[in-house]
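Novice: For the sequence shown, position 103 (counting from the first letter as 1) is numbered 288 according to this note's numbering, and the numbering increases by one without interruption.
For each residue, glycine too, the CB sits at the ideal point set by N, CA and C.
Nothing here was measured: the structure is a model prediction, and the numbers come from that model.
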Amino acid sequence: MNVRVISLVPSLTETLFDLGLGLDEVVGRTPWCIHPAEARDVPVVGGTKTPNLKKILDARPDVVVLDREENPKAVHDALVEQGVTVVVSTVEHPAEVPAMLRELGEAIGRSDEGERFAEATETALAGQPSAEAPGPRVTPMIWHEPLMAVGPRRYAGALLEAMGWTVPDLEPEGNGYPVVTPELLVEHRIKGLLLSSEPHAFALEEGEVIADAVEALGAPRPWCRLIDGEALTWFGSRTHRSLEGTELSV
Numbered sequence: 186m187n188v189r190v191i192s193l194v195p196s197l198t199e200t201l202f203d204l205g206l207g208l209d210e211v212v213g214r215t216p217w218c219i220h221p222a223e224a225r226d227v228p229v230v231g232g233t234k235t236p237n238l239k240k241i242l243d244a245r246p247d248v249v250v251l252d253r254e255e256n257p258k259a260v261h262d263a264l265v266e267q268g269v270t271v272v273v274s275t276v277e278h279p280a281e282v283p284a285m286l287r288e289l290g291e292a293i294g295r296s297d298e299g300e301r302f303a304e305a306t307e308t309a310l311a312g313q314p315s316a317e318a319p320g321p322r323v324t325p326m327i328w329h330e331p332l333m334a335v336g337p338r339r340y341a342g343a344l345l346e347a348m349g350w351t352v353p354d355l356e357p358e359g360n361g362y363p364v365v366t367p368e369l370l371v372e373h374r375i376k377g378l379l380l381s382s383e384p385h386a387f388a389l390e391e392g393e394v395i396a397d398a399v400e401a402l403g404a405p406r407p408w409c410r411l412i413d414g415e416a417l418t419w420f421g422s423r424t425h426r427s428l429e430g431t432e433l434s435v
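(1) Are there three or more Cβ pairs, one per stretch, closer than 8 Å when the segment 299 to 318 is compared with the segment 357 to 371?
(2) What does the Cβ neighbour count give for threonine 275, buried or exposed, with the cut at 16 atoms within 10 Å?
(3) Taking the alpha carbon of leucine 197 as the point to measure from, which residue in Val265, Ile293, His329, Pro257 has its own alpha carbon closest?
(4) Taking the beta strand (DSSP E) that serine 315 belongs to, which residues open and close that run?
(5) Between which two residues does the beta strand (DSSP E) carrying isoleucine 412 extend?
(6) Just the Cα atoms here: how many angstroms apart are valine 399 and threonine 351?
(7) Judging by CA-CA distance, which residue of Arg322, Ser434, Gly361 is the nearest neighbour of glutamate 254?
(8) Is it right to say asparagine 256 is buried, meaning 16 or more other beta carbons lie within 10 angstroms of its own, or is it exposed?
(9) Less than 8 Å separating the beta-carbons of serine 192 and arginine 225?
(10) To the nearest whole angstrom, what separates the beta carbons of serine 427 and glutamate 199, a pair I think is in contact under 8 Å?
(11) Below 8 Å, how does it come out for the segment 235 to 247 and the segment 261 to 279: are there three or more Cβ pairs, yes or no?
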């Protein structure tokens, strides 16, 4: 019998298909689960923050895939109470992705495929630049009102560091998503701004406005570069491709 799986995590919906599941097995998703193209034919059971528990249970899933940070704990608890197997991702560093892929593969009956992607990720991590010399100091920008970045204690920042960038922690006591000011960029000697395409699709002009403000404080002007937000933030089967590709490379 085919396993019935619902995913409330866009990058892991993509991963389910990469692990070999199809439309007969993936029976629920969020509106942001858009890859691969066939995922758009999967019924929507609510958003990441607003999943519809009734729709989820009506789909009779064997497994529901959640993320600790993105999805409500109350939904997790209700599913467990109903006897549904729940796989919860807690990834904050690309080095944690292989274990997650193995766990997910086992939960959906695709252990061999999970192992294959886990090994590909481990190989990609091992092939990254040596950390002997620090890379350029950059801030990956993810939001515009207010200006927000992602730091090295979150997956996206840790991914960039694994690839050779230096991502200073602008707010060590914060939640990993600091509010950015020109003064902070000067204080941390930021040389470049990586402008993500999601969750906010930055235009180069927006980065140049930030760079203007830094320069106005008498500091060297940081350069700006547009980057693919999915390559930056989507973890799972995509991680090894992000590590091996040129989109985020130094």
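Specialist: With the structure as the only source:
(1) They do not touch, by the three-pair rule.
(2) Sequence index remark: in the sequence shown, residue 275 carries index 90 (1-based). Exposed.
(3) By 1-based counting over the sequence shown, the position of residue 197 is 12. Leucine 197 has its Cα closest to that of Ile293, out of Val265, Ile293, His329, Pro257.
(4) On the sequence shown, residue 315 is found 130 positions in, with the first residue counted as 1. Taken as a continuous stretch (DSSP letters only), serine 315 belongs to no beta strand (DSSP E), as it is neither H nor E.
(5) The residue labelled residue 412 in the question sits at position 227 within the sequence shown. Segment 408 to 412, the beta strand (DSSP E) holding isoleucine 412.
(6) Numbered from its first residue, the sequence shown carries residue 399 at position 214. Numbered from its first residue, the sequence shown carries residue 351 at position 166. Distance between the alpha carbons of valine 399 and threonine 351: 19 Å.
(7) Stepping through the sequence shown from its first residue, residue 254 is reached at position 69. Checked all of Arg322, Ser434, Gly361; the closest Cα to glutamate 254 is Gly361.
(8) To locate residue 256, count along the sequence shown from 1; it is residue 71. When all chains shown are included, asparagine 256 counts as buried.
(9) Against the sequence shown, residue 192 aligns to sequence position 7. Against the sequence shown, residue 225 aligns to sequence position 40. Not in contact: serine 192 and arginine 225 (Cβ atoms no closer than 8 Å).
(10) As a first step, residue 427 must be located in the sequence shown, where it is residue number 242. As a first step, residue 199 must be located in the sequence shown, where it is residue number 14. With 8 Å as the limit, serine 427 and glutamate 199 do not qualify as a contact, their Cβ atoms being about 12 Å apart.
(11) Because the criterion of three Cβ pairs below 8 Å is met, the segment 235 to 247 and the segment 261 to 279 touch.
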